[in-house]
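J.: Residue numbers (this note's numbering): 149 to 462.
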Amino acid sequence: MRLLLLFFLFISMSALGQAIRAVGQVVDAETLKPLPYVNIVLEPEKRGISTDKEGRYSFVVKDISEDTDVKFSYVGYESKYAQLKELKGKVIRLKPSVDHLAEVRLYNIKEKKRKRINDFRHKEIIGLGNFSGGQYPSIVARYYDKPEKFDEGCFIENIEVRYFSVEKTLYGSAKFRLRIMAVDKKGKPSYDLLSDGLIIQKEASQFKSKIDMLPYKIAVPKDGFFVAVEHLFIEENAYFEEKDYRVNDTIIYRDVKLRKYGPVFSGVLEEYREGFNSYYKDTNGWQKMDNLDNSNEVFSGMLPVPAFKITLTD
């Protein structure tokens, strides 16, 4: 009996120590069209990647059980879970979400009133990279009120996203997803007002992107909205960052290479105050920025938050 128990323990340990290769494609369940840049995350392990522009995925993990769940999520679609052992050439089909279908309305955009919001003005600029430390695709979001002077229609005219001056990412090209989100009852980001999100291409040496939003006719809800930027963990966005890591007073690992993903966005430092409403998303959902550790002297006791230049019109 003891020998039999040891045999089964050996098999279990061997299974955990083996490398598991996952490969396949993610498609629309109805049209079977490939879904580009789907986020794939092993939530218990806090690790993840994104599909390529053809919806394909391929990754290798070690020391993880084949029974581990993998989450597939995509803007405008229901999230889906599958076990690692199932991802060997399997096509994952995601169903379009019907929870928040956009209400069909006819709008007459006048463009007579304008409100410009500039979160960069007179503030210290800081870089916002992967909030997951390069482990899984991350999202940062900032809340905006609906201005009082817009009694009737209020639309997002344009959004400007700026990039931080990091040599390894500023002078390279990268893609990211821009999202416009509603507000839930707790004040957190909710469903997407822009159902598919927008894939934005940052070109080499480009310092900012100004995105025309009028073609999408996004009416600002009375409760306001969130602007969010989402990193895509795809090969063309990858770069390596070297850092020293101190374990204790005697053990320091020098020049440790970390794989991260661009672009690095420009943000600002702000004090926590009443009404502070900026968030990042981790494997446990949306977290307020004041949950971050800002003890490093670079933060001066303040919080790093996303910042955009936004124009609203009637």
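C-beta: ideal position from N, C-alpha, C; glycine also. Please read all numbers here as calculations on a predicted model, not as lab measurements.
1. Where does LEU180 land, buried or exposed, given buried means 16+ other C-beta within 10 angstroms?
2. GLY241 bridges to which residues according to DSSP?
3. Here's the rule: buried if 16 or more other CB atoms are within 10 angstroms of the residue's CB, otherwise exposed. What is GLY433?
4. Of all the beta strand (DSSP E) runs that stay within the bounds of the region 305–375, which reach a length of 3 or more residues?
5. Which residues in the same chain as ASP200 place their Cβ atom closer than 8 Å to its Cβ, once the five residues preceding and following it in sequence are excluded?
6. According to DSSP, is ASP215 part of a helix, a strand, or is it coil?
7. Can you tell me the Cβ-Cβ gap for LEU465 and GLU305, rounded? I've got them flagged as a contact below 8 Å.
8. Name the two residues that bound the continuous beta strand (DSSP E) containing GLN283.
9. Are the Cβ atoms of GLU308 and PHE456 separated by less than 9 Å?
10. How about PHE388 and LEU406: are their beta carbons less than 9 Å apart?
11. Is LEU235 closer than 9 Å to ASP215 when the C-beta atoms are compared?
12. Hey, how far is the Cα of SER448 from the Cα of ASP441?
13. By the DSSP assignment, the beta strand (DSSP E) with SER206 in it spans what residues?
14. Taking Cβ positions, are PHE374 and ARG269 nearer each other than 9 Å?
15. Work out the CA separation of PRO452 and ILE273 for me, nearest whole Å.
16. Under three-state DSSP, which class holds LYS233?
17. For ASN278, does the count of other Cβ atoms within 10 angstroms reach 16, so buried, or fall short, so exposed?
T.: This is what the structure holds:
1. exposed
2. Note that residue 241 corresponds to Arg in the displayed sequence, not to Gly. Answer is VAL175, bridged to ARG241.
3. exposed
4. 322–331, 337–340, 346–350, 356–360
5. PRO184, TYR185, ILE382, GLU383
6. The three-state reading of DSSP puts ASP215 in coil, since its state is none of H, G, I, E or B.
7. Outside the shown range of the chain, which is 149 to 462, sits residue 465, and nothing can be said about it.
8. Unbroken run through GLN283: none, as it is neither H nor E.
9. yes
10. yes
11. Note that the C-beta distance between ASP215 and LEU235 is not below 9 Å.
12. For SER448 and ASP441, the distance between alpha carbons rounds to 12 Å.
13. 204–210
14. no
15. Taking the straight line from one Cα to the other gives about 9 Å.
16. helix
17. buried
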